[in-house]
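Residue 1 is where the sequence shown starts when you use the UniProt record's numbering, and the numbers rise one by one after that.
Okay, structure first, notes after.
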Amino acid sequence: MKKLELIYEGKAKRVYRTEDEDFYVMEFKDDATAFNGQKRGTIKGKGELNTKISAVFFEILEENGVKTHFERLLSDREMLVKAVKILPLEVIVRNLAAGSMAKRLGLQEGTKLKSPVLEFCYKSDELGDPMINAYHALAMDLATKEEIAFIEETSFKVNEILSQFLIKKNIILVDFKLEFGRFKGEILVADEISPDTCRFWDAKTMEKLDKDRFRRDLGNVEEAYKEILSRIKS
Ligand code: C5P
1 MKKLELIYEG
11 KAKRVYRTED
21 EDFYVMEFKD
31 DATAFNGQKR
41 GTIKGKGELN
51 TKISAVFFEI
61 LEENGVKTHF
71 ERLLSDREML
81 VKAVKILPLE
91 VIVRNLAAGS
101 MAKRLGLQEG
111 TKLKSPVLEF
121 CYKSDELGDP
131 MINAYHALAM
141 DLATKEEIAF
151 IEETSFKVNE
161 ILSQFLIKKN
171 IILVDFKLEF
181 GRFKGEILVA
191 DEISPDTCRF
201 WDAKTMEKLD
211 KDRFRRDLGN
221 VEEAYKEILS
231 RIKS
C-alpha cells in the first residue's frame, strides 16, 4: 500500500494517508520522550521493536475477540492500520501500584491492587493529559455513554488476555495505556501496545523491562525492549 501525505506526527510515531481511505500507515520512530516531553532521547532500534511487539499483542487480542486497528505489518517499522478517528482519551489499567498512582496515593511501588483500576486521562499536551472520570468524558462530549461502557469492558478484557499471556512468559503486566478509535460505527483498540505504553516486570526478579528504564535512567533500555520481544515470540 502506497504511503501518501503525513497526517499526524507524534512523539513516537508518524501516520500517513494511503491510496485507500480506509487505511493509514503507522510508522514507529526511535525517539523517546517522557514527563510530557520534558525528557527527550532516542532508543536505538525502538521503532522496529515496538512495531513487532505491538503486532504480536494486536494479533493476540484479535484471536481473543477484541477488535483492533491492526491490519498487517508492512516493514520493520511500519504497519497498516484501519483509518480510525482516535478518541481524545487515554485509558490506563493497573494491576499493581506503580508510577503516578503509587506517587499520588502514597502506595509503595509494586503493591498488589485488590482489583484492577481503570483511569481515564484527557489527551491534551498543553494540559499534560489530566486525569478525568467518565462523567467528565461525557460532559466534554469525548465519547458517548455506550462508547465509554464498551471501552471500560474492553480494557478489562485486554487486561485479562494480556496478563494471562504474559505471565506464561514470566512477565507481570503491571499497568498499561490504551487508546481507542472510531471506525465505521465500531470502537477499535488503536495506537500501540509496547514497552512505551505498558509496565512489564520480570516475574522472578521484578526487574523493569519497559520505558521506566529510560524515564528513570536505569540503563539497558534497548536490551529490555529486545527481551520483551524475544519472550513474547518464544
Ligand atoms: O505514569 P503512569 O503511572 O500514570 O502510567 C501508567 C501506564 O500508562 C504506564 O504503563 C505508562 O507507560 C502508560 N502511559 C502511556 N502514555 C501516557 C501516560 C501513561 O503510555 N501518556
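Note that CB positions come from ideal geometry on N, CA and C, so glycine has one too.
Return the Cβ separation of F200 and L188 in integer angstroms, given the expectation that the two are a contact with Cβ distance under 8 Å. One-based indexing of the sequence shown puts residue 200 at position 200. One-based indexing of the sequence shown puts residue 188 at position 188. The pair is not a contact, with the Cβ atoms about 23 Å apart (cut-off 8 Å).
With a threshold of 8 Å, are at least 3 pairs of Cβ atoms found where one atom belongs to the stretch 87–95 and the other to the stretch 127–144? yes
Taking all protein chains shown into account, do 16 or more other C-beta atoms lie within 10 angstroms of the C-beta of I7, making it buried, or fewer, making it exposed? For the purposes of this step, residue 7 is taken as the residue at position 7 of the sequence shown. That one is exposed.
If we ignore side chains and look at the alpha-carbon of each, how far apart do A203 and Q164 end up? Taking the first residue of the sequence shown as position 1, residue 203 is located at position 203. Taking the first residue of the sequence shown as position 1, residue 164 is located at position 164. C-alpha separation (whole angstroms): 12 Å.
Decide if the stretch 97–107 is in contact with the stretch 123–130; the criterion is three or more beta carbon pairs, one per stretch, under 8 Å apart. no
Is DSSP giving F35 helix, strand or coil here? Counting from one through the sequence shown, the residue named residue 35 turns up at place 35. Residue state, collapsed to three classes: coil.
Straight-line Cα distance separating R213 from T51: For this step, residue 51 is matched to residue 51 along the sequence shown. For this step, residue 213 is matched to residue 213 along the sequence shown. Spanning the two alpha carbons is a distance of roughly 19 Å.
Secondary structure, alpha helix (DSSP H): runs of 4+ residues fully inside the stretch 117–160: 134–139
Using a Cβ-based criterion (distance less than 7 Å to any ligand heavy atom), does S163 qualify as near the ligand C5P? Numbered from its first residue, the sequence shown carries residue 163 at position 163. No, since every heavy atom of the ligand C5P falls outside the 7 Å radius drawn around the Cβ of S163.
Nearest-angstrom Cα separation, counted from G128 out to F180: Within the sequence shown, the letter at position 180 stands for residue 180. Within the sequence shown, the letter at position 128 stands for residue 128. Near 19 Å, if we compare the C-alpha coordinates of G128 and F180.
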